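Have a look at the structure below, then the notes.
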Amino acid sequence: MLLEKYPARFRGVAGLERGAVTVSSYATFVIDGIFQTEAYAQALIRGGYPAVSDQKREELVEARLARRALFDRAPSPLIELILEETVLRRPFGNWDIMRGQLHSLAEDAQRDNVCLQVLPLDRGLRGSHAGDRGPMKLLVTEDHDHVVFMEIEDQGILVSDPPEVAQLAHRYAKIRSQALSPDDSLSLIERLAGEEP
Numbered sequence: 001m002l003l004e005k006y007p008a009r010f011r012g013v014a015g016l017e018r019g020a021v022t023v024s025s026y027a028t029f030v031i032d033g034i035f036q037t038e039a040y041a042q043a044l045i046r047g048g049y050p051a052v053s054d055q056k057r058e059e060l061v062e063a064r065l066a067r068r069a070l071f072d073r074a075p076s077p078l079i080e081l082i083l084e085e086t087v088l089r090r091p092f093g094n095w096d097i098m099r100g101q102l103h104s105l106a107e108d109a110q111r112d113n114v115c116l117q118v119l120p121l122d123r124g125l126r127g128s129h130a131g132d133r134g135p136m137k138l139l140v141t142e143d144h145d146h147v148v149f150m151e152i153e154d155q156g157i158l159v160s161d162p163p164e165v166a167q168l169a170h171r172y173a174k175i176r177s178q179a180l181s182p183d184d185s186l187s188l189i190e191r192l193a194g195e196e197p
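With the UniProt record's numbering, the residue at position 25 of the sequence shown is 25, and numbering never jumps.
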């Protein structure tokens with residue numbers, strides 16, 4: 001992976017992610033970087049603030065796309081992704097880019113080492129919503145260390161204290177229990193990919 005091309009706040013977790021045996025992500029605003037298509041990543045980074053140079057944007061996109069190597073690494077890591085439904089409905093660039101991203105997401109969801117779920121829009125109407133405190137990424141390393149990465153604004157926080165990690169892992173498990181099943185999630189993604197704006 002191209003660690004030197006990542007923002008400083010993400011370099012540590014990118015290295016851990018590369019060697020992880022399990023990567024579990026909860027995304028609330030954008031598609032997780034591992035799953036992003038080139039067009040989606042380009043549009044997302046191009047529209048970001050503060051703006052970056054064309055060269056920096058290309059470096060960031062290249063580094064982001066290199067993360068997809070996780071899908072085919074041997075031995076295969078387990079890659080879990082829970083997406084807020086709003087992420088699937090929020091286009092970047094244009095609707096064609098978003099449709100391409102949704103089609104790619106549907107293909108990735110069918111990989112043997114991927115479990116993809118969607119937390120539905122109406123979750124908050126049915127009582128608790130365990131994902132109300134924002135996105136996170138849980139990693140289990142080759143050495144069986146458990147860490148959690150959270151991004152807040154332009155800051156990256158890596159949590160490794162076992163009691164804190166356990167609390168965040170419990171929150172992730174609750175989010176997963178509130179999400180649609182993998183099959184229902186895939187059906188929703190495929191339906192949205194076929195819709196006209």
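Note that beta-carbon positions come from the ideal geometry of N, C-alpha and C, so glycine has one too.
Because the structure is a prediction, the values reported are computed rather than measured.
Taking one C-beta from the segment 47-55 and one from the segment 170-184 each time, how about it: are there three or more such pairs within less than 8 angstroms? no
Sub-8 angstroms separation of Val-140 and Val-21 beta-carbons: yes
Length of the line joining the Cα atoms of Asp-143 and Leu-70: 17 angstroms
For Leu-2 and Glu-59, what's the separation of their Cα atoms in angstroms? Its pLDDT being 48, under 50, Leu-2 is placed unreliably by the model, and nothing is read from it.
Whose C-beta lies closer than 6 angstroms to the C-beta of Ala-41 among residues of the same chain, with five residues either side of it excluded? Val-61, Arg-64
Tell me which residues share the same chain as Gly-33 and place their Cβ nearer than 8 angstroms to its Cβ, disregarding the 5 neighbours each side in the sequence. Ala-41, Arg-64, Arg-67
So, Gln-101 versus Thr-37, is the Cβ gap smaller than 8 angstroms? yes
Whose C-beta lies closer than 7 angstroms to the C-beta of Gln-167 among residues of the same chain, with five residues either side of it excluded? none
Restricting to runs no shorter than 3 residues, where is the beta strand (DSSP E) found entirely within the segment 99-164? 114-119, 136-140, 146-152, 155-159
In the DSSP assignment, what residue or residues form a beta bridge with Thr-22? Leu-78, Val-140
Pick from Ile-152, Pro-75, Ala-179, Asp-72 that is closest to Gly-124, judged by C-alpha positions: Ala-179
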